[in-house]
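Numbering (my numbering), first residue to last: 41 to 144. A virtual CB, placed ideally from N, CA and C, is assigned to each residue, including glycine.
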């Protein structure tokens, strides 16, 4: 019985996370003052309700947003909105392709 409780707890804590894809891991979050060498590609949004806490939901929404930015061909995202309520977390951002000195 104790093992079952531990397994269920681990699933609830770790099983409901949005992981970054390989390409999503390379997407940077930038501020307005870091956009001088960036090209706007579009806007993306993400919503999460599966986190164990509001903090996890926000992190999951940001991970999903970075994954979506990578799919759109971006290597950076400027967060426009990150909102966490009792219903979940929403993240919206501008998808950008930026020259960080590595070439684009």
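Contact test: residue i Cβ vs the ligand MN heavy atom, cutoff 6 Å
{"i": "residue 81", "result": "The model on display carries no ligand, and the ligand MN is accordingly not part of it."}
Contact belief for residue i with residue j at Cβ below 8 Å, rounded distance in angstroms
{"i": "residue 120", "j": "residue 99", "result": "At roughly 17 Å, the Cβ-Cβ gap does not stay under 8 Å, so residue 120 and residue 99 are not in contact."}
{"i": "residue 60", "j": "residue 107", "result": "6 Å"}
{"i": "residue 88", "j": "residue 104", "result": "6 Å"}
Span of the beta strand (DSSP E), counted from its first residue to its last, around residue i
{"i": "residue 82", "result": "78-88"}
{"i": "residue 70", "result": "68-70"}
For residue j and residue i, the rounded distance between their alpha carbons
{"i": "residue 68", "j": "residue 95", "result": "19 Å"}
{"i": "residue 66", "j": "residue 115", "result": "6 Å"}
{"i": "residue 129", "j": "residue 84", "result": "14 Å"}
{"i": "residue 77", "j": "residue 140", "result": "8 Å"}
{"i": "residue 75", "j": "residue 117", "result": "10 Å"}
{"i": "residue 125", "j": "residue 79", "result": "32 Å"}
{"i": "residue 86", "j": "residue 109", "result": "11 Å"}
{"i": "residue 82", "j": "residue 131", "result": "14 Å"}
The alpha helix (DSSP H) enclosing residue i, as first and last residue numbers
{"i": "residue 65", "result": "62-65"}
Exposed unless 16 or more other CB atoms sit within 10 angstroms - verdict on residue i
{"i": "residue 70", "result": "buried"}
Query - Inside the region 93-134 only - beta strand (DSSP E) runs reaching at least 3 residues - result: 116-125
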